[in-house]
Amino acid sequence: MTTLLDERRITLVSRKDYLRSYAHAALVEGRGVVVVLDGTATLFYAASQSTTATTAFAIRHGSGLLRVALPFSRTEQLSIPYMEPSFSTTAERMCVSVDAAAGIATGISALDRSRTARILASEQSQVSDLIRPGHVMVVAVDDSSEPTTASGVALKAASISGLGAAAVATELVSVRYPTEMMDAEEAYQFAATHELAVLALSSS
139 MTTLLDERRI TLVSRKDYLR SYAHAALVEG RGVVVVLDGT ATLFYAASQS
189 TTATTAFAIR HGSGLLRVAL PFSRTEQLSI PYMEPSFSTT AERMCVSVDA
239 AAGIATGISA LDRSRTARIL ASEQSQVSDL IRPGHVMVVA VDDSSEPTTA
289 SGVALKAASI SGLGAAAVAT ELVSVRYPTE MMDAEEAYQF AATHELAVLA
339 LSSS
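Here my numbering = 1-based position in the sequence shown + 138.
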């Protein structure tokens with residue numbers, strides 16, 4: 139069984155528990171959430187709520203590489219092809235990167251990438267609304283079962299919160315050791331400093 143840690147660190151064990159959590163409230167308000175899984179820390183937020191500010195924060199504290207998690211079926215509808223099988227797992231598959239087809243400049247800025255994320259999140263978006271390749275990575279997630287990856291958790295959280303089946307995610311870089319990725323211990327400190335909710339998942 140997973141364990142409920144506190145109001146800012148909740149395991150994603152059920153829809154009922156999640157909807158009472160601080161993480162749910164944070165997502166609805168358009169803020170980011172840190173998910174700690176297998177000792178690593180990932181920042182995510184609902185793609186439909188993406189703003190220049192949230193995207194800039196993710197770029198600054200992440201590796202700079204942002205990905206949007208979408209269900210397998212949605213990547214097929216938008217004709218976003220998978221990369222080579224070597225980039226894939228049974229739970230998710232990396233896809234070709236994309237940009238919004240209109241309303242952006244080079245595609246790399248926080249402003250541009252936030253628009254691309256919102257395009258990916260919109261149920262009204264069509265194949266022609268995106269160009270390939272671009273500056274936002276896409277990961278296709280199997281949303282038919284319980285999530286086992288950070289991307290899957292982000293997608294499920296956004297969906298349960300009623301914010302659409304799309305989430306922006308990036309692994310966090312350590313503040314103490316900038317050449318390394320952030321571990322779980324530092325993730326809690328980072329979340330407290332920036333007043334972010336934490337979803338702490340455990341398989342035991």
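Note that the Cβ used here is the ideal one computed from N, Cα and C, for glycine as well.
- Here Ala325 has Val172, Val174, Ala179 as same chain residues with Cβ atoms under 6 Å from its own Cβ, once five neighbours each way along the sequence are excluded.
- In the DSSP assignment, Leu337 is bridged to Val173.
- Glu284 carries a coil assignment under DSSP once its states are collapsed to helix, strand and coil.
- Distance from the CA of Tyr315 to the CA of Thr193, rounded to the nearest whole angstrom, comes to 22 Å.
- Each of Met232, His199, Thr228, Ser186 was checked against the Cα of Arg205, and the nearest Cα belongs to Met232.
- In the structure shown, Leu310 falls within a strand segment according to DSSP collapsed to helix, strand and coil.
- By the 16-neighbour rule on beta-carbons within 10 angstroms, Asp281 is buried.
- If you check the CB distance, Ala248 and Ile269 do not come in under 8 Å.
- For Ala161, DSSP assigns no beta-bridge partner whatsoever.
- In its chain, beyond the 5 residues on either side, Leu204, Ala248, Arg251, Thr308 have a beta carbon closer than 8 Å to the beta carbon of Ile197.
- Between Val265 and Glu333, the alpha-carbon positions lie close to 37 Å from each other.
- Taking the Cβ atoms as the reference, Val306 lies roughly 5 Å from Ala255, within the contact range of under 8 Å.
- Taking C-beta atoms as the reference points, Ala295 and Leu337 count as a pair closer than 8 Å.
- When C-alpha distances from Pro271 are compared across Asp237, Ser263, Thr244, the shortest belongs to Asp237.
- By alpha-carbon distance to Val279, the top candidate from Ser299, Ile257, Arg253, Thr228 is Thr228.
- When Ile257, Thr190, Ser188, Glu222 are compared, the shortest CA-CA separation from Arg212 is found for Ile257.
- Residue environment for Pro219: exposed (fewer than 16 other C-beta atoms within 10 angstroms of its C-beta).
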